[in-house]
Each structure stands twice: as C-alpha cells, then as structure tokens.
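Trainee: Next up is a structure, given as structure tokens.
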Amino acid sequence: MKYRWKHFSCNTLIHAEELELLTEWCAAYNVETLGQTDTSSLRPACRLVIEARQTTAMHWILVAKNTTISYSAFNASLPDIVQIGGVWTPPALRGKGYAKSVVAGSLLYARSLLVKRAILFTGDNNQAAQAVYRGIGFLPTGEKYGLVLFEETQA
C-alpha cells in the first residue's frame with residue numbers, strides 16, 4: 001500500500017473534517033498519554049493547539065487511500081533542533097509502522113531546513129513507542145523528565 005505525508009504548511013488549507021479529526025486525536029492523546037480528564041473544555045483547547053500548529057506549519061499526517069492514519073507534530077523548535085510531540089495513531093491502527101513513517105517524514109522536512117537534532121520523550125512503560133523511535137535513530141538519554149499538568153479551576 002502506498003502512503004503519503006501531508007505537511008500542513010502555513011499556505012496549506014486545513015479542511016474542516018481534518019481539523020475535527022485532529023482535534024479528536026489531540027484530545028485522545030491528552031487523555032491516554034498525559035492523563036488529562038476528558039472535560040468539556042478539552043476539545044476546544046485541543047482545537048486551539050491544532051490551529052496554532054497550523055499557523056506555524058508544525059504538523060503532519062500520514063494518509064493511506066485518502067484516510068488519515070497517523071499524526072506527528074513539533075511542539076517546540078529552534079533553528080537547529082526540533083522537539084517531537086503529540087504523535088498519535090488510533091489504537092486500531094497501531095503496530096503497523098504508521099507512527100514511524102509520519103515521524104520520519106516530519107524529520108525529513110526538518111532536515112531540509114538544516115535542522116541537525118531532534119528530541120522527544122515517551123513514558124518508561126511505552127515499549128512500543130520506544131521501539132519505533134529507536135527504529136528511526138533515536139537513542140535513550142537515560143535522563144528522567146517530568147510534566148506538571150494543572151487542573152482546570154473554576155473562578
């Protein structure tokens with residue numbers, strides 16, 4: 001099967017159905033990976049994230065037979081380094097190399113801009129993601145990290 005990457009550049013129009021799908025995937029990522037609660041404010045916040053990535057040309061999808069099957073984004077960048085974040089493949093499509101392909105495609109784009117390094121993080125127990133990232137050249141640093149996520153409060 002042939003796959004194609006779609007880079008959402010600043011000049012690429014994001015279709016309404018793509019925006020809705022990526023918003024849903026962002027919400028699912030936040031719940032599954034970051035442990036956030038699926039509240040009524042999660043999707044509007046995720047929509048803003050996707051729209052921000054669109055304006056900065058920092059996200060990609062992998063498409064097979066006109067179906068979006070995986071997603072990757074840079075959540076931070078400097079002229080010589082990018083940080084990959086928000087990689088998502090729906091559970092039913094996992095284990096087929098789609099995440100590896102979409103991340104590799106985003107890194108090829110970064111390399112064309114003369115970016116020399118890329119970083120990312122994944123949980124200690126996410127062996128599947130770790131295998132994917134090792135498969136495209138990432139090496140574990142052995143360093144630990146932490147995220148602080150603040151709960152939404154009512155004023």
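The sequence shown begins at 1 in the numbering used here and counts up by one. Note that the Cβ used here is the ideal one computed from N, Cα and C, for glycine as well.
Nearest to threonine 33 by alpha carbon, out of Val115, Trp25, Ser40?
Mentor: For the purposes of this step, residue 33 is taken as the residue at position 33 of the sequence shown. For threonine 33, the nearest C-alpha among the options comes from Trp25.
Trainee: Quick one: grab the DSSP three-state call for threonine 68.
Mentor: Residue 68 sits at position 68 when you count from the first residue of the sequence shown. Residue state, collapsed to three classes: strand.
Trainee: Pull the bridge partners of tyrosine 3 from the DSSP assignment, please.
Mentor: Position 3 of the sequence shown, counted from the first residue, corresponds to residue 3. Ala64.
Trainee: To the nearest angstrom, how far is it from the Cα of lysine 6 to the Cα of asparagine 125?
Mentor: By one-based count along the sequence shown, residue 6 stands at place 6. By one-based count along the sequence shown, residue 125 stands at place 125. In a straight line, the C-alpha of lysine 6 is about 30 Å away from that of asparagine 125.
Trainee: Where are the beta strand (DSSP E) runs, 3 residues long or more, that stay fully inside the stretch 86-148, in chain order?
Mentor: Those beta strand (DSSP E) runs which fall completely within the stretch 86-148 and span 3+ residues are 117-119.
Trainee: Which two residues bound the contiguous alpha helix (DSSP H) that contains proline 79?
Mentor: On the sequence shown, position 79 is the one that residue 79 refers to. Looking at the DSSP string, proline 79 is not in any alpha helix (DSSP H), and its letter there is neither H nor E.
Trainee: Please report the residue range of the alpha helix (DSSP H) in which threonine 23 lies.
Mentor: Taking the sequence shown and counting its residues from 1, the one referred to as residue 23 is at position 23. Run containing threonine 23: 16-32, per the alpha helix (DSSP H) assignment.
Trainee: Checking 9 Å against the spacing of the C-beta atoms, do threonine 68 and arginine 47 come in under that value?
Mentor: As a position in the sequence shown, residue 68 is number 68, starting the count at 1. As a position in the sequence shown, residue 47 is number 47, starting the count at 1. Cβ distance not < 9 Å, so threonine 68 and arginine 47 don't count as in contact.
Trainee: What's the C-alpha gap between phenylalanine 138 and arginine 4?
Mentor: Position 138 of the sequence shown holds residue 138. Position 4 of the sequence shown holds residue 4. Each residue's alpha carbon lies about 23 Å from the other.
Trainee: For the stretch 95-110 against the stretch 34-41, are there 3 or more C-beta pairs whose distance is under 8 Å?
Mentor: Not touching, per the Cβ criterion.
Trainee: So what's glutamine 157 in DSSP terms, helix, strand or just coil?
Mentor: Residue 157 cannot be examined here, being either before or after the span of the chain that is shown, 1 to 155.
Trainee: Hey, out of Pro79, Leu120, Ala64, whose CA is closest to alanine 73's CA?
Mentor: Position 73 of the sequence shown, counted from the first residue, corresponds to residue 73. Looking at the Cα atoms, Leu120 is the closest of the given residues.
Trainee: Which residue comes first and which comes last in the alpha helix (DSSP H) that contains alanine 45?
Mentor: On the sequence shown, position 45 is the one that residue 45 refers to. First-last of the alpha helix (DSSP H) with alanine 45: 42-56.
Trainee: Below 9 Å between beta carbons: does that hold for histidine 50 and leucine 19?
Mentor: Position 50 of the sequence shown, counting from 1, holds the residue named residue 50. Position 19 of the sequence shown, counting from 1, holds the residue named residue 19. First, the residue type needs correcting, since residue 50 is isoleucine and not histidine in the sequence shown. Contact: yes.
Trainee: Run the CB neighbour count on glycine 142, radius 10 Å, all protein chains shown included, and call it buried at 16 or more, exposed below.
Mentor: As a working mapping, residue 142 is identified with position 142 in the sequence shown. Its Cβ having fewer than 16 others within 10 Å, glycine 142 is exposed.
Trainee: Using the beta-carbon count (16 or more within 10 Å), is histidine 15 buried or exposed?
Mentor: Stepping through the sequence shown from its first residue, residue 15 is reached at position 15. Its Cβ having fewer than 16 others within 10 Å, histidine 15 is exposed.
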